[in-house]
Structures are given as C-alpha cells and as structure tokens.
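Peer 1: Under the working numbering, the first residue of the sequence shown is numbered -8, with each subsequent residue one higher.
Don't be surprised by glycine CBs; every beta carbon is placed ideally from N, CA and C.
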Amino acid sequence: MNWHKEIGQKLGLTGRVLIAEEGINATVEGITDSVQAYISAIREQSFANLKETPIKTSPGNGEAFPKLKVKVRKEIVALGLTEVEGEDVDPNQLTGIHLKPEELKAWYENNEDFVVIDMRNDFEFRSGHFKNSINPEMEYFRDLPKVLPKLVEKHPEITKKKVLTVCTGGVRCEKASGYLLKKGFKDVYQLDGGMHMYMDKFPGKTGEEFKGTLYTFDNRITMDVSGDGSDPRAKERREIIGECQVCKAKTERYDHCAYDMCHRHILVCDDCAKNHIYVWCTPECREVSLKTGPEAMKQVGVGAVITDGLPYSAAPGIGPKL
Ligand SMILES: [Zn+2]
Ligand SMILES: [Zn+2]
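1. Is it right to say His(-5) is buried, meaning 16 or more other beta carbons lie within 10 angstroms of its own, or is it exposed?
2. Determine the closest residue to Glu204 out of Arg244, Asp178, Gly184, Gly3, with distance taken between C-alpha atoms.
3. Return the chain-ordered list of same chain residues with a C-beta closer than 6 angstroms to the C-beta of Thr86, the five sequence neighbours on each side being excluded.
4. Span of the alpha helix (DSSP H) holding Leu85?
5. Out of Thr156, Val138, Arg277, Leu142, state which residue places its alpha-carbon closest to the alpha-carbon of Tyr250.
6. In the DSSP assignment, the alpha helix (DSSP H) including Phe176 goes from what residue to what residue?
7. Could you tell me which whole beta strand (DSSP E) segments of length 3 or greater appear in the region 202 to 261?
8. Which residue from Ser124, Lys152, Asp113 puts its Cα closest to that of Leu135?
9. Once DSSP output is grouped into helix, strand and coil, what is the label at Asp109?
10. Candidates Cys235, Thr150, Ser280, Asn126: which alpha carbon is nearest Asp262's?
11. For Lys1 and Glu199, I'd like the C-alpha separation in whole angstroms.
12. DSSP has Arg7 in a bridge; who is on the other side?
13. Could you give the distance in angstroms between the alpha-carbon of Leu172 and the alpha-carbon of Asn16?
14. Does ligand 1 have even one heavy atom less than 6 angstroms from the beta-carbon of Val399?
15. Quick one: give me the first and last residue of the alpha helix (DSSP H) that Thr150 is part of.
16. I need the straight-line Cα distance from Thr18 to Phe116, nearest angstrom please.
17. Classify His254: buried if its beta carbon has 16 or more other beta carbons within 10 angstroms, exposed otherwise.
18. Going by the C-beta, is Cys253 closer than 6 angstroms to any heavy atom of ligand 2?
19. Measure the Cβ-Cβ separation of Thr5 and Leu59 and say whether it is below 7 angstroms.
20. Locate the beta strand (DSSP E) running through His187, then write down its first and last residues.
21. Taking the alpha carbon of Ala55 as the reference point, which residue from Thr156, Phe132, Met214 has its own alpha carbon closest?
22. Going by DSSP, which residues form a beta bridge with Gly119?
23. Just to check, is the beta-carbon of Cys260 closer than 6 angstroms to a non-hydrogen atom of ligand 1?
24. Which first and last residues belong to the alpha helix (DSSP H) in which Glu275 is found?
25. Might you give, ordered along the chain, the residues of its own chain that have their beta carbon closer than 8 angstroms to the beta carbon of Cys238, omitting 5 neighbours on each side?
26. For Asn123 versus Asp109, is the C-beta distance shorter than 7 angstroms?
27. Taking the alpha carbon of Gln181 as the point to measure from, which residue in Gly21, Val154, Thr242, Tyr99 has its own alpha carbon closest?
28. Could you pull out every residue in the same chain whose Cβ sits closer than 8 angstroms to the Cβ of Thr242, ignoring the five residues on either side in sequence?
29. Count the other CB atoms within 10 Å of the CB of Glu20; is the residue buried (16 or more) or exposed (fewer)?
30. Going by DSSP in three states, Thr159 sits in which element: helix, strand or coil?
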C-alpha cells in the first residue's frame, strides 16, 4: 500500500488504487511518461504477479481525479457474497474463459451465436452497451445473486448458450463469470480488459458492435467511443441510445438524483435540466427530499417546475430484446 502511495506521489499521479488478496485494481491519471513509469514499476514488482495482467491506457484531460487514494479491501469487487456461506466465488478457482477483444470482434463478424450479459449497473448500461446484450438491471453489483434467478426465468436459454460477461474494466467479470458457472451456466466467457480495452483496440467502432457511449467512473462521465476521427463513417454511425428520464428525448447527459442521500446517476437531457430545478430518480426520493431537504427544496413549487421521476424499475430503456 505504501509502495503505491510513494511511487504515485513521486510521479505526480492522481486516481484510485484498490488492493485485496485477490488482486489489484488501479486507475491513475498523470502525464504519459509518469503513467508509463508506474506501469513498468508495477510489472517489475515481485509482490504481485502482474507481468501478464492487462493494463489499459487512454488519453484524458488531467482532471479525472482530484487526488490519489490507496485503499485495502477484503474483496476488490464487493459482490457481497463473502458473508453468505457457500455463495462466495474465488476467481482464482472459478472464472469464465478469458476472451480477447480481437476474439470478440471475430465473434461479431462471424455472427457467432452468443449472448452478452452486461455486468455493469443499470444506469451505466443505459447510455451505451454491446449489441446482443442483456441488462440484469442491477442497482449495485452485489445485486447479482438477487437478479440472476429472474434473468434466467426471463431468458431460460442462457444457461446453456455461449455467454459472455462484460464490464467497464474487466474486474467485475472475474467474479461475475465465476458466479454464473457456480450457478450452473455451461459456456461462460469474460471480456479481457473489459469494454475499455475493447475500445482502445478498436476505436471508432461505435454503431457496429457497440451502441451509444461508454460510461466511465471518473469526471468524464462518458467516453466518446467514436474514435480519433480518422474514420469519418464512425461519426455517422454514432447513435445516442440513452433516454431522458423526464421527456424520453435521446441524451447522454447524466445528472444526479436531487435527493442528496441518493445522488444516483440518471439521464436528464439539456432541455429538461434547464426547465426543471430538481429531478429525482424515483417518487420515493422526491417525497423524502421534499420533507427533509434544504429550505429551498421545500419551498420549490412557487414558480418552479417539479418533475416526478419515473419509478426506477418502470423507466424505459431497460433490457434490449434478444
Ligand atoms: Zn428531457
Ligand atoms: Zn434517488
């Protein structure tokens, strides 16, 4: 832990580093040379077997993270299974077959018969996802054990089909794919390095196998995946699939639920953001924040428009048809 702090500070990096027994998950930002120096240093470290671990880089604006945080966690990805006896998955023992971005590209090109299960949270899925994706509609990743039976009920064929789990950086899939295997899925793959690495390898592919934009967990919120501009057709293919929670207009603009204690990311278009002072994710959030919120919020209504959020689970845009 101290090693990461020291070297990070020396190189002037910002970001987030999580360390657990099962591995490490680091997202850092800095000038190119510093990031490269950090990567080389990690690869050389004897305490971690990271020589082969995929490490992704992408250009940023230097403002993704305010500072460097290093934390030690029990599990890197809180699947919430450690407490339930017999339900935890050790990705070192049980995990899906790693599929390289090139291999996934070939699957799409050859019209391979497979289904993508998107292991990100529902709000991430809404602004963009791979073709043929199923959205388990998770609010948190730890909901997986809860939503999986419903998912299988809705798509009974998936337990026998070729299934690929995907997530932003590939970390969640280590556990998620193992969990599917534990639950009786027969043919499970996971996307190596996640969507991020796929976009790095094949920039400008938006509109073909990936629809919309990629949600990111840093201050950029979404990452334009239409490439570096070298392929003009990529811009043409670019399609916005996110829907404004209020008016249903296509948008990729994320806002926060106006209830401070919730603050969940919701899609709200520019017009609605201008026209409504507060937008909540659910009527429940609206109710509680109008009761307990700041005075300004309680008094809103005089000359201001308040919009009820749709019930979270009833909002449109969830779960594409197979
Ligand atoms: Zn709107
Ligand atoms: Zn809310």
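Peer 2: The short version:
1. buried
2. For the record, residue 204 in the displayed sequence is Thr; it is not Glu. For Thr204, the closest of Arg244, Asp178, Gly184, Gly3 by C-alpha to C-alpha distance is Arg244.
3. Same-chain partners within the cutoff: Glu165, Ser168, Gly169.
4. That residue, Leu85, is in no alpha helix (DSSP H); it is neither H nor E in DSSP.
5. Arg277
6. Premise fails: Phe176 is in no alpha helix (DSSP H) and is neither H nor E.
7. Counting only unbroken stretches of 3 or more residues, the beta strand (DSSP E) elements lying wholly within the region 202 to 261 are 245 to 247, 256 to 258, in sequence order.
8. The option with the nearest alpha carbon to Leu135 is Asp113.
9. Here Asp109 carries a strand assignment [DSSP, helix/strand/coil].
10. Cys235
11. 42 angstroms
12. Thr18, Lys60
13. 23 angstroms
14. The question about residue 399 has no answer, for the chain in this structure spans -8 to 313.
15. Segment: none, Thr150 is in no alpha helix (DSSP H) and carries neither H nor E.
16. About 21 angstroms.
17. Burial call: exposed.
18. yes
19. yes
20. Unbroken run through His187 is the alpha helix (DSSP H), 185 to 192; no beta strand (DSSP E).
21. Measuring C-alpha to C-alpha distances from Ala55 to each of Thr156, Phe132, Met214 identifies Met214 as the nearest.
22. Gly203
23. yes
24. First-last of the alpha helix (DSSP H) with Glu275: 274 to 283.
25. Cys260, Asp262, Cys263
26. no
27. Val154
28. Within the same chain, Thr242 has close Cβ partners Ile231, Gly233, Glu234, Cys235, Leu258, Val259, Cys260, Asp261.
29. Classification for Glu20: buried.
30. coil
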